[in-house]
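Trainee:
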Amino acid sequence: MTEFFRKHPVFGFYLLAFLLSWLGRVPLMLSSYGLFTLDNPLVATLLFGLGGVAPTLAAVIMIALLKSGESLFAPFRRWRVGVQWYLIALLTPFPVMVLALSIAGALPGGLAP
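Per the working numbering, the sequence shown starts with residue 1, numbered consecutively.
Spelled out as structure tokens, the structure:
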């Protein structure tokens, strides 16, 4: 199976992405039709989230399969930048979002419902 994914990495990625996303979505769909019961909201949330992160998980799995001898995070060791740049990259989106929402709220019509 691993050899197949190494020969066909793009197909393998799409296959894994669809399988993982449907693994999360099929129980939710069956539950909505009453064919399956999901009483625990945490399980339903996790299944819904699995569908959203499935492409990312598929990419991580494919990288791990294709680079079996290397560490998955080996490319990040080559990027030698200061800690301040990581902090800027991680902390900038929140103030930008707050600024965008503030501007949208100040415009006529306010925020969209």
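All residues carry an ideal CB built from backbone N, CA and C; glycine is no exception.
Does the beta-carbon of GLY105 have 16 or more other beta-carbons within 10 angstroms, so that it is buried, or is it exposed?
Mentor: That one is exposed.
Trainee: Please report how far the alpha carbon of LEU65 lies from the alpha carbon of ALA89, in whole angstroms.
Mentor: If you take the alpha carbons of LEU65 and ALA89, they lie about 28 Å apart.
Trainee: In chain order, what residues of the same chain lie with their CB nearer than 6 Å to the CB of GLY51, ignoring the 5 residues before and after it?
Mentor: For GLY51, where only same-chain residues beyond five positions count, the Cβ hits under 6 Å are SER21, GLY24 and ARG25.
Trainee: Relative to the C-alpha of THR56, which residue among TYR33, LEU30, SER32 and PHE13 is closest?
Mentor: Answer by Cα proximity: PHE13.
Trainee: What three-state label does DSSP hand LEU38 in the structure shown?
Mentor: Residue state, collapsed to three classes: coil.
Trainee: From the DSSP output, in three-state form, read off ARG80 for me.
Mentor: The answer is coil: DSSP assigns ARG80 none of H, G, I, E or B.
Trainee: If you run the structure through DSSP and keep just helix, strand and coil, what is LYS67?
Mentor: Reduced to three states, the DSSP call for LYS67 is coil.
Trainee: Rank GLY49, LEU15, ALA17 and PHE11 by C-alpha distance to the C-alpha of ALA27 and give the top, closest one.
Mentor: Note that residue 27 is Pro in the sequence shown here, rather than Ala. It is GLY49.
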